[in-house]
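The structure appears below as structure tokens.
2 protein chains.
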Amino acid sequence: MDADAGFDASLRADDVAFGARDAALLRAIDATGSLNAASDRLGRSYSRAHERLDDLENAFGPLVERTRGGPGGGGTTLTDDGRALVARFERLRAGYAAIAETTVAVLDGTVTDRTGELGVVDTEAGAIRALVPPDTDRVEVSVRGDAVTLHDPDASPAADATSARNRFEGVVTAVERGDAVVRVAVDIGAGTPIDALLTATSVERLDVEEGASIVASFKATATRATPREA
Amino acid sequence: MDADAGFDASLRADDVAFGARDAALLRAIDATGSLNAASDRLGRSYSRAHERLDDLENAFGPLVERTRGGPGGGGTTLTDDGRALVARFERLRAGYAAIAETTVAVLDGTVTDRTGELGVVDTEAGAIRALVPPDTDRVEVSVRGDAVTLHDPDASPAADATSARNRFEGVVTAVERGDAVVRVAVDIGAGTPIDALLTATSVERLDVEEGASIVASFKATATRATPREA
DNA sequence: GAGCGTTATATCTATGACGAAACAACGGTC
DNA sequence: GACCGTTGTTTCGTCATAGATATAACGCTC
Numbered sequence: 049m050d051a052d053a054g055f056d057a058s059l060r061a062d063d064v065a066f067g068a069r070d071a072a073l074l075r076a077i078d079a080t081g082s083l084n085a086a087s088d089r090l091g092r093s094y095s096r097a098h099e100r101l102d103d104l105e106n107a108f109g110p111l112v113e114r115t116r117g118g119p120g121g122g123g124t125t126l127t128d129d130g131r132a133l134v135a136r137f138e139r140l141r142a143g144y145a146a147i148a149e150t151t152v153a154v155l156d157g158t159v160t161d162r163t164g165e166l167g168v169v170d171t172e173a174g175a176i177r178a179l180v181p182p183d184t185d186r187v188e189v190s191v192r193g194d195a196v197t198l199h200d201p202d203a204s205p206a207a208d209a210t211s212a213r214n215r216f217e218g219v220v221t222a223v224e225r226g227d228a229v230v231r232v233a234v235d236i237g238a239g240t241p242i243d244a245l246l247t248a249t250s251v252e253r254l255d256v257e258e259g260a261s262i263v264a265s266f267k268a269t270a271t272r273a274t275p276r277e278a
Numbered sequence: 049m050d051a052d053a054g055f056d057a058s059l060r061a062d063d064v065a066f067g068a069r070d071a072a073l074l075r076a077i078d079a080t081g082s083l084n085a086a087s088d089r090l091g092r093s094y095s096r097a098h099e100r101l102d103d104l105e106n107a108f109g110p111l112v113e114r115t116r117g118g119p120g121g122g123g124t125t126l127t128d129d130g131r132a133l134v135a136r137f138e139r140l141r142a143g144y145a146a147i148a149e150t151t152v153a154v155l156d157g158t159v160t161d162r163t164g165e166l167g168v169v170d171t172e173a174g175a176i177r178a179l180v181p182p183d184t185d186r187v188e189v190s191v192r193g194d195a196v197t198l199h200d201p202d203a204s205p206a207a208d209a210t211s212a213r214n215r216f217e218g219v220v221t222a223v224e225r226g227d228a229v230v231r232v233a234v235d236i237g238a239g240t241p242i243d244a245l246l247t248a249t250s251v252e253r254l255d256v257e258e259g260a261s262i263v264a265s266f267k268a269t270a271t272r273a274t275p276r277e278a
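Read top to bottom, the protein sequences are chains A and B. In case it helps, my numbering puts the first sequence at residues 49 to 278. In case it helps, my numbering puts the second sequence at residues 49 to 278.
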């Protein structure tokens with residue numbers, strides 16, 4: 049059963065959710081200088097766009113400046129806040145897209161110690177520090193490829209010298225080259241390997257190849273556990 | 049203008065998007081053993097729930113097993129695939145939640161070199177390697193707090209010994225303690241500091257305090273740039 | 001064979017979101 | 001004062017989604 053991860057991103061204030069359609073509207077206003085032309089460009093009704101803009105401004109503050117009459121008949125321009133909102137929305141989407149696209153290794157485990165939202169999870173690979181759910185000890189730990197850093201085993205930093213708390217010795221089981229990003233699978237003693245996403249430069253400089261010994265590290269604060277079924 | 053980041057997560061197959069309401073339905077079925085009782089529990093209509101379940105199974109394959117008649121009148125149970133879909137959805141949500149919650153530093157810059165989707169961005173702090181958008185050199189680089197690792201300046205790994213390509217020397221400007229997660233702000237020579245989210249253990253072992261020198265590193269493959277307005 | 005409580009199916013209703021169209025008002029230009 | 005093309009406002013229609021209700025059918029138990 050194959051399924052793609054998706055999302056609808058939003059920024060929320062006062063029960064109003066600023067989403068992709070809203071960002072598209074503001075971008076079209078920015079490009080055309082007119083709410084009328086922007087609606088046309090997007091194939092949307094002028095009256096709805098106008099109403100929506102009012103709702104957004106009630107929640108988020110002034111996003112546009114509008115003038116009536118004049119040589120072109122009037123116009124609409126984005127405020128600095130309007131541009132900032134669109135920029136922030138784009139960054140948020142980029143972040144979610146990273147989550148949707150990145151590879152994830154899932155390790156079953158049991159929480160054995162907690163300090164606030166952090167915990168120690170006992171897994172096949174050993175103890176993993178992660179952000180853990182409050183109500184259960186039965187969890188699965190997600191390790192994202194873009195959160196795993198690889199180190200030369202002979203030169204990996206001492207525990208007192210780095211803030212990355214999870215460190216495992218392992219063996220490279222696969223090296224899969226993309227355009228500029230390389231996916232490296234590392235067996236750290238769990239049932240399935242974890243992935244690390246590296247640049248080609250890193251692969252060369254670390255001399256990563258199948259069968260090589262390597263140290264994989266990832267931050268506790270970037271590792272999340274979710275409840276696991278009985 | 050204050051706004052909270054939000055999202056609607058989904059897993060998609062055959063133009064059907066499995067979302068939070070669907071996950072809630074499957075969880076309620078799991079808890080009650082009955083589609084009828086699950087709908088009641090969720091305050092939803094039985095016929096809609098039934099129809100939706102059919103749509104989901106057409107797209108994702110068998111998610112439940114249903115029996116009619118018998119001692120209790122019949123019932124509905126989740127299949128292994130049904131449970132796996134819910135578990136995968138929960139992991140996806142946890143990932144998006146991490147994005148929504150984490151602090152982000154934004155650095156303006158210009159792309160000066162590209163290799164596929166990776167690029168070098170010239171910023172106030174120096175060159176940053178990141179995943180860059182294809183159509184523009186004017187970008188802003190987002191550096192997420194949960195992606196930044198701190199190192200002892202005297203003991204940070206050599207460039208040939210780690211896959212984290214971005215490394216900056218900086219000074220700690222703030223240490224802000226949460227329950228178990230500590231937010232450390234580091235001035236790396238950009239207009240605004242970047243944040244690193246650390247465990248309390250890391251803060252102690254690294255002896256992180258305001259004014260201290262520190263090395264901050266983050267992976268190129270975990271760093272994204274988005275287009276920046278003129 | 002009735003009873004039970006479920007699954008399965010059919011039909012109806014309400015609501016929110018959205019597109020569409022029409023018209024009033026604006027204000028600089030000619 | 002007319003013209004232009006915009007903003008601003010009003011009204012209408014359609015569609016998708018969802019809730020609600022009713023009924024048929026199932027199959028084990030008594």
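Yeah, the Cβ is synthetic: ideal placement off N, Cα and C, and Gly gets one too. Remember, it's a predicted structure, so these values are computed and weren't measured experimentally.
Residue 246 of chain A in three-state terms, based on DSSP
Note: residue 246 of chain A maps to strand in three-state DSSP.
What does residue 58 of chain A reach in chain B if we use C-beta pairs closer than 8 Å?
53, 54, 55 and 56
Check the C-beta distance from residue 55 of chain B over to residue 57 of chain A and give it rounded, since I have them as a contact under 8 Å.
6 Å
Give the straight-line distance between the Cα atoms of residue 235 of chain A and residue 242 of chain A, rounded to the nearest whole angstrom.
7 Å
How far does the alpha helix (DSSP H) with residue 80 of chain A in it extend, from its first residue to its last?
Under the DSSP assignment, residue 80 of chain A falls in the alpha helix (DSSP H) whose first and last residues are 68-80.
So, at 6 Å on beta carbons, what are the nonlocal neighbours of residue 115 of chain A in its own chain, with the 5 sequence-adjacent residues on each side left out?
122 and 123
Taking all protein chains shown into account, do 16 or more other C-beta atoms lie within 10 angstroms of the C-beta of residue 261 of chain B, making it buried, or fewer, making it exposed?
exposed
For residue 269 of chain B, name the three-state secondary structure that DSSP assigns.
helix
Local Cβ density within 10 Å of residue 225 of chain A, reported as buried at 16 or more and exposed below that
The residue in question, residue 225 of chain A, is exposed, as its Cβ has fewer than 16 Cβ neighbours within 10 Å.
Whole alpha helix (DSSP H) runs in the region 125-205 of chain B with 4 or more residues, listed along the chain?
128-149
Roughly how many angstroms separate the alpha carbons of residue 104 of chain B and residue 250 of chain B, rounded to a whole number?
Put simply, the backbone Cα of residue 104 of chain B is about 45 Å away from that of residue 250 of chain B.
Please decide whether residue 115 of chain A counts as near chain B, where near means a Cβ-Cβ distance under 8 Å.
No, its Cβ sits nowhere closer than 8 Å to a Cβ of chain B.
Identity of the residue in B:275, B:100, B:268 and B:276 nearest residue 163 of chain B by Cα
B:268
First and last residue of the uninterrupted alpha helix (DSSP H) at residue 114 of chain A:
Counting along the chain, residue 114 of chain A falls outside any alpha helix (DSSP H), though it belongs to the beta strand (DSSP E) covering 112-116.
Chain A contact residues for residue 243 of chain B, given Cβ-Cβ distances below 9 Å
From the beta-carbon of residue 243 of chain B, no residue of chain A is found nearer than 9 Å; the closest lies around 11 Å away.
What did DSSP end up calling residue 57 of chain A once you bin it into helix, strand or coil?
strand
Less than 8 Å between CB atoms is the rule here; does residue 178 of chain A satisfy it with respect to chain B?
Interface criterion not met: the Cβ of residue 178 of chain A is under 8 Å from no Cβ in chain B.
From the beta carbon of residue 205 of chain A, is the nearest beta carbon of chain B less than 8 Å away?
For residue 205 of chain A, at least one C-beta of chain B is nearer than 8 Å to its own C-beta.
Within-8 Å CB hit, residue 229 of chain B to chain A:
yes
Residue from A:264, A:74 and A:88 whose Cα sits closest to the Cα of residue 131 of chain A:
A:74
Please name the residue in A:117, A:191 and A:106 whose C-alpha comes closest to that of residue 245 of chain A.
With distances taken between Cα atoms, residue 245 of chain A lies closest to A:191.
Could you check what DSSP says for residue 87 of chain A in three-state terms: helix, strand or coil?
helix
By the criterion of Cβ-Cβ separation under 9 Å, what are the contact partners of residue 10 of chain B in chain A?
The first residue shown for chain B is 49 and the last is 278, placing residue 10 of chain B beyond what the model contains.
With a threshold of 16 other CB atoms inside 10 Å of the CB of residue 214 of chain A, please say whether the residue is buried or exposed.
buried
Separation of residue 139 of chain B from residue 252 of chain A, as counted between CA atoms
So the two alpha carbons sit approximately 32 Å from each other.
Is it right to say residue 144 of chain A is buried, meaning 16 or more other beta carbons lie within 10 angstroms of its own, or is it exposed?
buried
Going along the chain, which residues of the region 186-212 of chain B sit with their C-beta nearer than 9 Å to a C-beta in chain A?
188, 190, 192, 193, 194, 195, 196, 197, 198, 199, 200, 202, 203, 204, 205, 206, 207, 208, 209, 210, 211 and 212
Mark residue 193 of chain A as exposed unless 16 or more other C-beta atoms lie within 10 angstroms of its C-beta, in which case mark it buried.
buried
How is the beta strand (DSSP E) around residue 222 of chain B delimited, first residue to last?
214-225
Inspect the beta-carbon positions of residue 129 of chain B and residue 276 of chain B and report whether they are closer than 8 Å.
Taking 8 Å as the Cβ cut-off, residue 129 of chain B and residue 276 of chain B do not qualify as a contacting pair.
Which stretch, first to last residue, makes up the alpha helix (DSSP H) that contains residue 102 of chain B?
Note, residue 102 of chain B: alpha helix (DSSP H), 94-108.
Coarse secondary structure for residue 256 of chain A, derived from DSSP in three states:
coil
So residue 328 of chain B and residue 188 of chain B are supposed to be a Cβ contact under 8 Å. How far apart are they, rounded?
Residue coverage of chain B in this structure runs from 49 to 278, which leaves residue 328 of chain B outside it and unanswerable.
Beta strand (DSSP E) segment containing residue 233 of chain A, residue limits:
Counting along the chain, the beta strand (DSSP E) containing residue 233 of chain A begins and ends at 229-235.
Cβ-heavy atom distance between residue 109 of chain B and the ligand MN below 7 Å?
Inclusion of the ligand MN in the displayed structure is not the case, the ligand content being empty and no account of it being possible.
Based on Cα-Cα distance, which residue from A:141, A:76 and A:239 lies nearest to residue 91 of chain A?
A:76
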